[in-house]
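Have a look at the structure below before the remarks.
In this note's numbering, the protein residues as written are 303 to 522.
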């Protein structure tokens, strides 16, 4: 029972860690550039999951659009870049931000790197982890306007009616199921929601939001 209580405490601490409030960033450069559109380019994937980049891209447009920025369709962006000889995400990230913006008429670019997208199986628990690095650069000056990093961890909750043996069985089954089919998408969506939250680590409302320039604590 003591072991189970310790594990429960660790899980709760892990979940609370994802909810920690972050100190607001210095957004002087971001507000000075006042981007209206954000070009989301292909993601650099450092994980061993070959499908991680495509899955992640499907989660990124909505939170940016909801904040009031025009986001270019990610599949169209990918195809145009391929036609320009930039079929590899690493090549895109190393290319000039101004060149990328000129191709689409955008004023900023969002670069995302997947640092982790994996699950670790330990018989009684499976831990699913995603970790992303985000950078927004100016299409005018190529300088970084905003950056952040987000790590999300999930462990399945286990309940066996309070009986120690039942709880162990439930834990083993949940761990096996999670290992067989880890669900990364909710973690990716939650990471995006948290990282763009404002005030906090994220960016203020864009020009297509009714909160535009109303959520700023002070004038730039």
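Cβ coordinates follow ideal geometry from the N, Cα and C atoms, glycine included.
Annotation: residue 353 is outside any alpha helix (DSSP H) and is labelled neither H nor E by DSSP. Here residue 392 has 346 as same chain residues with Cβ atoms under 7 Å from its own Cβ, once five neighbours each way along the sequence are excluded. Checking the DSSP bridge columns, you'll see residue 449 partnered with 437.
Setting aside the 5 residues that flank it on each side, residue 491 is surrounded in the same chain by 361, each with a C-beta closer than 6 Å to its C-beta; the list follows chain order. Contact check for residue 407 and residue 514: beta-carbon distance about 20 Å, past the 8 Å limit, so the pair fails to qualify.
For residue 398, same chain residues with a beta-carbon under 8 Å away, outside a window of 5 residues either side, are 444 in chain order. Separation of the CB atoms of residue 422 and residue 429 is rounded to 5 Å, and the pair is thereby assigned contact status at 8 Å. A Cβ-Cβ distance of about 4 Å is found for the pair residue 332 and residue 447, placing them in contact under the 8 Å criterion.
Nearest in C-alpha terms to residue 402, of all of 493, 441, 366, is 441. In the structure shown, the three-state DSSP call for residue 363 is helix. Residues of the same chain with a CB within less than 7 Å of the CB of residue 373, apart from the 5 flanking positions on each side, are 340, 342, 363, 366, 367 in chain order. In the DSSP assignment, residue 394 falls outside any beta strand (DSSP E) and lies within the alpha helix (DSSP H) extending over 391 to 396. With distances taken between CA atoms, residue 432 lies nearest to 348 out of 344, 329, 348, 336. Residue 420 is bridged by DSSP to 431. Taken through DSSP and simplified to helix, strand or coil, residue 383 comes out as helix. The alpha carbon of residue 456 has as its nearest neighbour, out of 352, 419, 450, 449, the alpha carbon of 419. The shortest CA-to-CA distance from residue 500 to any of 389, 375, 516 is the one to 516.
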